[in-house]
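Undergrad: The structure under discussion is supplied below as structure tokens; questions concerning it will follow.
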Amino acid sequence: MRQSLKPSSNQSECLFKSTTSSLLQCAFIVLLGVQALSAFAAQLPDTKSPDTISSDTISSNNNANIFPQLPELSKPITQYTLTSWNTRDGLPHNSVNKITQTADGYLWLATWEGPVRFNGRTFTVFDDLDQLQMEETGVIDIQPDSSGYGVIASGPRGGITTFRHGRWQALESAPDFVNETATTSNGEIWAVASNAGVVRYFPDGQRQIYSMVDGLPDGYAFRVYIVHQQSPMSVHPDAVYFDEIWVATQRGVARFNQDTNQFEILELLPAELFRDLIRLRTGHLVATSASGLYFCLPDLSACEVYPEAIDGIITSIHEGLNGELWFGTFAHGLGRITSDGIDYLTVEHGLPNQHVLDVFQDSEGNIWASTHGGLAQLRDALFTSFTRVQGVKGNFIRSVQEAADGAVWVGSNEGLTRILGSQITPIDHPEQLANVSVLSLARYQDLGLLIGTYTDGLLLLIDNQVLAQFGREQGLFIPEVRAVVYDSAADIIWAGSPEGLFALRFNGSGFEQLQHFTVASGLAADFVSSLEIDSEGTLWVGSITGLSQLTRIYHDSEEWQTQAIDLSAFTVAQNLFAIFQHHERLWFATDRGILIHELSDQSWHWLSREHGLPFDKFFSVNFDADEALWIGSSRGIVRVPAEQWQAFLNGESNQVVPVVYGSTDGMVSNQINSGGPSSVRDSSGQLWFASAAGTVVIDPEDIEGHGITPPPVVIDGVYVDGQAIADVSQIPNRFGRIEFRYSGLGFRMTQQLQYRVQLVGFDSDWIRRDQQTYSEYTALPSGRYEFVVQTRYPGSEWSPAVSYYFQVTPRYYEYPWFWGGIIIVIMLLGYLFIRIRVSALERSRNELKRLVQEQTKELQALANEDVLTKLPNRRAFDHALRANLHKATKLHQPLCLAILDLDHFKLINDRHLHAVGDQVLKRVGQIIRDNIRDQDYAARWGGEEFAIVFGNTSESEGVVICERIRKAIESADYSDIASNVQPTLSIGMACRIGQEGHSTMLIHADKALYQAKEQGRNRVCVFRK
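Laid out in structure tokens, this is it:
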């Protein structure tokens, strides 16, 4: 049945058309790689390239609203923080086919080695086929179930299995390879298969299969997408009652009509393979094929290809939380579409592989990309990094400085870069700056930039021209300028080098040296590492072995008084890497923490590791608009809130609680370098830092609200003495240690998640665990307990608590009955003591009696058992025969008797000695025992003869048993006893006809045996009158 909806005068409806099925196998091969994709595309009939799609194929409606308004996002995709995982990190396979997240916060991955659950730290792999109830561990798709807390995994051989409440349960297999599943609001599961169309699983276990007969464009279904009835994306006229179900096939796109139970083809899209489709929050339908990325109006009255060219074929599309459009490609990595256009992230930027299989955004806004090289995460982290990838000259940054026009200059060991907004300009001209190694930067008269270098001394850059240089030729023997500052009041340029401090002035044509200060002039050391001019005009000079200050002798003179500061009076620090004035204080970054000098009263403070700083050595000091202290180190950037350092300086507290930022927060490297300066606050309030792998920038205002919402926390497992236990409420008191393992399911800064726990009933308050994800308790007393855990990002609120209730059962001596029993035992001790001798004598007598009885039984057994074969002997057999005759007479039951004789047994003894004959007899006895029934009684009659009595057995039944025994003996293997030994058996059987007695039956059986011998042996003969 083929249907299509045409627009009417009163409402616009979608246009559909039907097409035929072709090349199903090629579509499957597409999944294997780009080469197979090309082969498939080449075989598709009449497939048009993106450049040749005609307007009548798509739409004649040029509605300007066909492309929704996309957001404006300032940060390029290449500046997102990128983290990746592969098999070295615990993934079972580098190819991650699909990504999803459940309501409890876990991330789930579909891999070729089974479904995988990820908590941000560890991967839990489900690869047990018995547990999965699938024929293969490979999973191509994974989706949340209708509850949101379970998942549905599917893949090869039509396998579909669901995970709920810790257990996997398989559904009836689909007819072919399952590409994707989706769930409706009422719990139905819709699966699309390679060559079997669409399979609909109802909650009651029934299912229905839809094919081209039901309106699908083709039997090869690739994607299924469901807009739930409560979703703002649902624009179906009956959306209040029905979910909107879309299917992408090899020959176009179709939507399910609930009223007709049929699919209707969207005619405005071409009849070719569509790899993904979604509804945007604006209602627009977006679908991707080899022809391009199609956008359709919410009412589906028009569709058009996105006008901007996209690199390669799109494999997956996802709408971001801000309305941006993310997509993966076959060979060009990850892409993003915003109002600014399209930008890409490829392997050159750190993506594990160019082939992106799926794109997903988690509840925190992190973007995840699954590739053939592992799993990748992109976070819009606190810090933005600028590296060689973005156009910066060199990654080893030593200095950053803001110019008067708001541009930030970045100096590295490879050159100089100017950054203004989104414009990044590497400086290659003039030639002197092409490959200059920069050590320090400073403004000059709001016109230019002073550049301290490693090999070229000091340069002055004005209007893109180097107007002056102070190097070897100008008197700087070691042409390193590690610190430079401009004193505008005196029009003096101060340059610090390993040779001391130089006072310079630019005279229009070059640098004029005014004075040279060294240790001989009063400096603490010649090697100058930092400079700063305070509000009083005093120059502070930091070096590798101390601190000095230069003060003018007269207000307007150019004569200076040099004084070395005795640091040993208040600190053990010697290396001063940076000096920064903030209000009326000077802050010094040193090799032993931070020194603070109060200009108002000339007092000193020392903030060190002893007071809460995480490290000893720091290279930069700065402050944000909220007065928070920012200090850079080789192990990260440390932030101390204003109220904490102020309380320290005021003597109200001797501890600070800093926050350390590193690579998990977006820094391209934890290492902040020393430089002049290695951090700067620009006019917009952003802080810039020079790191070992690029310059990193943060807007301190982003801290508020960044990661504030705490992630959910789950208890991963409970372990008693190292063994995982199920969800039990009672724990035996015999345990030595109980361990709780938990995880905060936050993926933004997983390694920085903080935890606190409390064992209610044992702990009186919360116990801080910092980043520790387990808690242990030993020797808990009996009682009821509640283990409670919470998590948070640093500085945020604590998450809702998660609890585990359990009870430690009382030890036996803690029960009241135990002490009552003790009293009773004591009362009985006297009586028991009296009875001890009597009991001992009685036990001795009983023991003697027991030994006599056991020996009697052994003697009786020896009297009734054949020692060699362990069968009853003739004496026991005679007794059994009489008993069976009595029973048969009383109950009028038939009875048979057989005598068995080994043929030519004497020859066996003669040829192989009696030891071999004994082994043959034992083997024959065992064979007879194995082939009779429980009601039969067999015995060794004597010599090589055996006898069997068959109770309640007819002649025919007896013959069957005898024949079975004969054949078993004839066919048995005796090679382990001796070679060329193969005994046979002759059997004579007699059955009780009238009132024959014991002797008569034996005579008759013996006659039958004689008859068997006469007739050639190795046979069964029955006595008949």
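Residues -41 to -1, 1 to 984 (mature numbering (1 follows the signal peptide of the UniProt record, and there is no 0)) are what the sequence shown spells out, left to right. Ideal Cβ positions, reconstructed from N, Cα and C, are used throughout, including at glycine. Computed from a predicted model, the values in this text were never measured in an experiment.
#1: Once you ignore the five residues that flank P115 on each side, which residues in its own chain have a CB closer than 6 Å to its CB?
#2: Leaving aside the five residues before and after E543 along the sequence, list all residues of the same chain whose C-beta is less than 8 Å from its C-beta, in chain order.
#3: Opposite E491 in the DSSP bridges: which residues?
#4: Tell whether a beta-carbon distance below 8 Å holds between D104 and T59.
#5: Quick one: give me the first and last residue of the beta strand (DSSP E) that W285 is part of.
#6: Put T274 into one of helix, strand or coil per three-state DSSP.
#7: For G279, which residues of its own chain have a beta-carbon under 7 Å away from its beta-carbon, when the five flanking residues on both sides are left out?
#8: For the region 609 to 663, which segments carrying the beta strand (DSSP E) assignment without a break, of at least 3 residues, lie completely within its bounds, in sequence order?
#9: Taking the alpha-carbon of I657 as reference, which of R598, I674 and Y184 has the nearest alpha-carbon?
#10: Could you tell me which residues DSSP pairs with residue 1016 in its beta bridges?
#11: Let's see if you can read the secondary structure: which residues bound the alpha helix (DSSP H) around Y969?
#12: Short check: CB of L880 to CB of L827, under 8 Å?
#13: Would you call K57 buried or exposed, if buried means 16 or more other Cβ atoms sit within 10 Å of its Cβ?
#14: Got a sec? Which residues, its chain only, sit under 7 Å from P311 by beta carbon, not counting five neighbours each side?
#15: For R464, list the residues DSSP reports as bridge partners.
#16: Residues in its own chain within less than 7 Å of Q970 by CB, not counting five upstream and five downstream?
#17: Are Y701 and D729 touching if we call contact CB-CB under 8 Å?
#18: Beta-carbon within less than 6 Å of N372's beta-carbon, same chain only, minus the 5 sequence neighbours each way: which residues are those?
#19: Taking the alpha helix (DSSP H) that R234 belongs to, which residues open and close that run?
#20: Which value, in whole angstroms, describes the spacing of the CA atoms of I12 and P176?
#21: Classify I111 as buried or exposed, calling it buried when 16 or more other Cβ atoms lie within 10 Å of its own Cβ.
#22: Specify, as a first and last residue, the run of the alpha helix (DSSP H) that I928 falls within.
#23: For L482 and E439, which I take to be in contact (beta-carbon distance under 8 Å), what is that distance rounded to the nearest angstrom?
#24: According to DSSP, is L872 part of a helix, a strand, or is it coil?
#25: Apply the 10 Å Cβ neighbour rule to A518 and answer buried if 16 or more other Cβ atoms are within range, or exposed otherwise.
#26: Could you tell me if H243 is buried or exposed, where buried requires 16 or more neighbouring beta carbons within 10 angstroms of its beta carbon?
#27: When you compare the CB positions of L944 and D862, do they come within less than 8 Å of one another, or not?
#28: What did DSSP end up calling N581 once you bin it into helix, strand or coil?
#29: What is the DSSP secondary structure of G947, reduced to helix, strand or coil?
#30: Taking L400 and G635 to be in contact with their CB atoms under 8 Å, please state how far apart those CB atoms are, rounded to whole angstroms.
#31: Report buried or exposed for L866, applying the criterion of at least 16 other Cβ atoms within 10 angstroms of its Cβ.
#32: Between D422, F777, G681 and Q711, which has its C-alpha nearest S734's C-alpha?
#33: Could you spell out where the alpha helix (DSSP H) holding K846 opens and where it closes?
#34: Would S643 pass as a contact of I631 if the rule is Cβ separation under 8 Å?
#35: On the three-state DSSP scale, how would you describe L(-5)?
#36: In angstroms with no decimal places, state the Cα-to-Cα distance between Q731 and F578.
TA: In terms of the structure at hand:
#1: Taking the sequence shown and counting its residues from 1, one reaches residue 115 at position 156. Answer for P115: E95, G97 and F136, listed in chain order.
#2: As a working note, residue 543 is residue 584 in the sequence shown. Once the five neighbours on either side are set aside, the close Cβ partners of E543 are S494, E557, L558 and S559.
#3: Translated into the one-based positions of the sequence shown, residue 491 becomes position 532. Its beta-bridge partners are W499.
#4: Counting from 1 along the sequence shown, the entry for residue 104 is found at position 145. Counting from 1 along the sequence shown, the entry for residue 59 is found at position 100. Result no, Cβ atoms of D104 and T59 do not sit closer than 8 Å.
#5: Sequence index remark: in the sequence shown, residue 285 carries index 326 (1-based). Residues L284 to T288.
#6: The residue labelled residue 274 in the question sits at position 315 within the sequence shown. The answer is strand: DSSP assigns T274 an E or B state.
#7: For this step, residue 279 is matched to residue 320 along the sequence shown. W285 and Q320.
#8: 618 to 620, 638 to 640, 646 to 650 and 653 to 657
#9: Position 698 of the sequence shown, counted from the first residue, corresponds to residue 657. Nearest option by C-alpha distance: R598.
#10: Because the chain is modelled from -41 through 984, residue 1016 falls outside the range shown and cannot be assessed.
#11: Your numbering for residue 969 matches position 1010 in the sequence shown. Start and end: H957 to E973.
#12: For this step, residue 880 is matched to residue 921 along the sequence shown. For this step, residue 827 is matched to residue 868 along the sequence shown. In this structure, L827 lies closer than 8 Å to L880 by Cβ.
#13: As a working note, residue 57 is residue 98 in the sequence shown. K57 should be labelled buried.
#14: What you label residue 311 is simply residue 352 of the sequence shown in a count that begins at 1. Counting only Cβ-Cβ distances below 7 Å, and skipping sequence neighbours, we find S43, N45, T330, G332, G333 and A335.
#15: Here residue 464 is taken as the residue at index 505 of the sequence shown, counted from 1. DSSP lists E471 as partners of R464.
#16: Along the sequence shown, read from residue 1 onward, the residue named residue 970 stands at position 1011. Taken in chain order, the residues that qualify are G947 and C980.
#17: For the purposes of this step, residue 701 is taken as residue 742 along the sequence shown, with counting starting at 1. For the purposes of this step, residue 729 is taken as residue 770 along the sequence shown, with counting starting at 1. No, these two residues do not count as a Cβ contact at 8 Å.
#18: Residue 372 sits at position 413 when you count from the first residue of the sequence shown. The residues are G353, F355 and S396.
#19: Taking the first residue of the sequence shown as 1, we reach residue 234 at position 275. Taken as a continuous stretch (DSSP letters only), R234 belongs to no alpha helix (DSSP H), being part of the beta strand (DSSP E) at F233 to R238.
#20: In the sequence shown, counting from the first residue as 1, residue 12 sits at position 53. In the sequence shown, counting from the first residue as 1, residue 176 sits at position 217. Confidence in I12 is poor, its pLDDT being 26 and thus under 50, which makes the residue's placement too unreliable to answer from.
#21: Residue mapping note: residue 111 aligns to position 152 of the sequence shown, counting from 1. Buried is the call here.
#22: Mapped onto the sequence shown, residue 928 falls at position 969. E914 to S930 is the span of the alpha helix (DSSP H), which, as asked, contains I928.
#23: Reading the sequence shown from its first residue, position 523 is the one you call residue 482. Reading the sequence shown from its first residue, position 480 is the one you call residue 439. With a Cβ gap of about 16 Å, L482 and E439 do not count as contacting.
#24: As a position in the sequence shown, residue 872 is number 913, starting the count at 1. Looking at L872 - three-state DSSP - the assignment turns out to be helix.
#25: Residue mapping note: residue 518 aligns to position 559 of the sequence shown, counting from 1. Checking the sequence shown, residue 518 turns out to be Glu, not Ala. The residue in question, E518, is exposed, as its Cβ has fewer than 16 Cβ neighbours within 10 Å.
#26: What you label residue 243 is simply residue 284 of the sequence shown in a count that begins at 1. Classification for H243: buried.
#27: To locate residue 944, count along the sequence shown from 1; it is residue 985. To locate residue 862, count along the sequence shown from 1; it is residue 903. Taking 8 Å as the Cβ cut-off, L944 and D862 qualify as a contacting pair.
#28: Position 622 of the sequence shown, counting from 1, holds the residue named residue 581. If DSSP states are grouped into helix, strand and coil, N581 belongs with the strands.
#29: Position 988 of the sequence shown holds residue 947. DSSP places G947 in strand when its eight states are reduced to three.
#30: Here residue 400 refers to the residue found at position 441 when the sequence shown is read from its first residue. Here residue 635 refers to the residue found at position 676 when the sequence shown is read from its first residue. Yes, they are in contact, since the Cβ atoms of L400 and G635 sit about 7 Å apart, within 8 Å.
#31: Taking the first residue of the sequence shown as 1, we reach residue 866 at position 907. When all chains shown are included, L866 counts as exposed.
#32: Taking the first residue of the sequence shown as position 1, residue 734 is located at position 775. S734 has its Cα closest to that of G681, out of D422, F777, G681 and Q711.
#33: Sequence index remark: in the sequence shown, residue 846 carries index 887 (1-based). Its alpha helix (DSSP H) spans residues R833 to L850.
#34: As a first step, residue 643 is located in the sequence shown; it is residue number 684 there, counting from the start. As a first step, residue 631 is located in the sequence shown; it is residue number 672 there, counting from the start. Against a cut-off of 8 Å, the Cβ pair of I631 and S643 comes out as no contact.
#35: Counting from one through the sequence shown, the residue named residue -5 turns up at place 37. The predicted position of L(-5) is uncertain, since its pLDDT is 34 and thus under 50; a value taken from the coordinates is nonetheless stated next. DSSP places L(-5) in helix when its eight states are reduced to three.
#36: Taking the sequence shown and counting its residues from 1, one reaches residue 731 at position 772. Taking the sequence shown and counting its residues from 1, one reaches residue 578 at position 619. Each residue's alpha carbon lies about 30 Å from the other.
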